[in-house]
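Here is the structure we will look at, set down as structure tokens.
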Amino acid sequence: MRIILFGPPGSGKGTQSAYLAMRAKIPLIATGDTLRAAVLAKSPLGCQVKRVMESGELVSDQLIVKLMLERLAQPDCRRGFLLDGFPRTRVQANSLKDNNIVIDYVVELVVAQSSLLKRLTGRLVHPVSGRVYHAEYNPPKRQGLDNLTGEPLIKRKDDCEETVYKRLQIYHKQTEPLTAYYQNCRQRGDAQAPCYLRVDGDGDIEQVSQRLGRGLGIAN
Ligand code: ADP
Ligand code: ADP
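Numbering follows the numbering used here, in which position 66 of the sequence shown is assigned residue number 1391; successive positions increment by one, without gaps.
Pasting the structure below:
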């Protein structure tokens, strides 16, 4: 199963994707987590993208496409993968097509804009694992600490209100048009058009997880 998980920042992609990938027995490839790990490790890639990520802008297509094509060529992707955070631009979507990477499902998580703001400004993350919490909606067992390791949680620099607005604008301008692109693949006569699913991402985390499982035909 080759799946693209779409949705604006804060729609719950990170929260849902690890469990979904585990249930579908496919690797999860989350571009944001990969880039943040590089920043944390102060690798050359991390140094290159740190400032852009903190400002809420997208890193360059050239850089992200190279990174993703290398990742998708790894043997563990032969039986499928779940993409969280890629593609985000038309150039990135074209890179999949041009390299004959066929997608089976495009899943869009749909969430009201007012919920997105509350979710993002209250988000807490465990930087090493990428595990996500929310101060109110999904609090850790011990305040400010990761459930599994007990290590401190942090607020992402790009989750401040001003940068959140900017990221949502970038999503609407650059990424949202891809939803129409994928929805219309079949009408354009593309024999390998993916199945397009719109899933309601409002409601509690468990409900959304069940909707995703039902839509993809994966047992919870
Ligand atoms: P994305 O990866 O799409 O940016 P996240 O999965 O990181 O989104 O979720 C953003 C924030 O919203 C996190 O703080 C998370 O705990 C919270 N969240 C995720 N799903 C829900 C939900 N269904 N209801 C309430 N809060 C949620
Ligand atoms: P969210 O789901 O909350 O929007 P991510 O964790 O997916 O955020 O991404 C965080 C940041 O990483 C983005 O704002 C951007 O700077 C960078 N990034 C992630 N994926 C891509 C991509 N496909 N293209 C360009 N930049 C990306």
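For each residue, glycine too, the CB sits at the ideal point set by N, CA and C.
The closest CA to that of residue 1376, considering only 1402, 1483, 1537 and 1466, is found on 1483.
According to DSSP, residue pairing for residue 1458 in a beta bridge involves 1449.
The criterion of a C-beta distance shorter than 8 Å is satisfied by residue 1337 and residue 1434. Taking every protein chain shown into account, the CB of residue 1458 has 16 or more other CB atoms within 10 angstroms, so this residue is buried. In this structure, ligand 1 has a non-hydrogen atom nearer than 7 Å to the beta-carbon of residue 1444. Per DSSP, residue 1407 lies in no alpha helix (DSSP H); the unbroken beta strand (DSSP E) holding it starts and ends at 1406 to 1409. A Cβ closer than 5 Å to some heavy atom of ligand 1 marks a residue here, and those residues are 1334, 1335, 1336, 1337, 1338, 1339, 1340, 1444, 1448, 1457, 1459, 1462, 1463, 1530 and 1533.
Relative to ligand 2, residue 1417 has its C-beta within less than 7 Å of a heavy atom.
Boundaries of the beta strand (DSSP E) around residue 1430: 1430 to 1435.
For residue 1510, there is no enclosing beta strand (DSSP E), since its DSSP letter is neither H nor E.
Under the criterion of beta carbons closer than 8 Å, residue 1348 and residue 1543 qualify as touching, at roughly 5 Å.
Residue 1466 and residue 1460 have their alpha carbons spaced roughly 11 Å apart. Residue pairing by DSSP places residue 1344 in no beta bridge whatsoever. If you ignore the 5 residues before and after residue 1343, its C-beta comes within less than 7 Å of the C-beta of 1353, all in its own chain and listed in chain order. Residue 1524 carries a strand assignment under DSSP once its states are collapsed to helix, strand and coil.
Per DSSP, residue 1418 is one residue of the alpha helix (DSSP H) stretching across 1415 to 1423. Between ligand 2 and the CB of residue 1538, the shortest heavy atom gap is not smaller than 7 Å. Between the C-alpha atoms of residue 1388 and residue 1360 there is a straight-line separation of about 11 Å. Within the DSSP secondary-structure output, residue 1477 pairs in a beta bridge with 1470. Judged by the Cβ position, residue 1431 fails to qualify as a neighbour of ligand 2 at the 7 Å threshold, every heavy atom of the ligand being at least this far.
By the Cβ criterion, the stretch 1408 to 1424 is in contact with the stretch 1495 to 1512, since at least three pairs of Cβ atoms, one from each stretch, lie closer than 8 Å. Residue 1327 carries a strand assignment under DSSP once its states are collapsed to helix, strand and coil.
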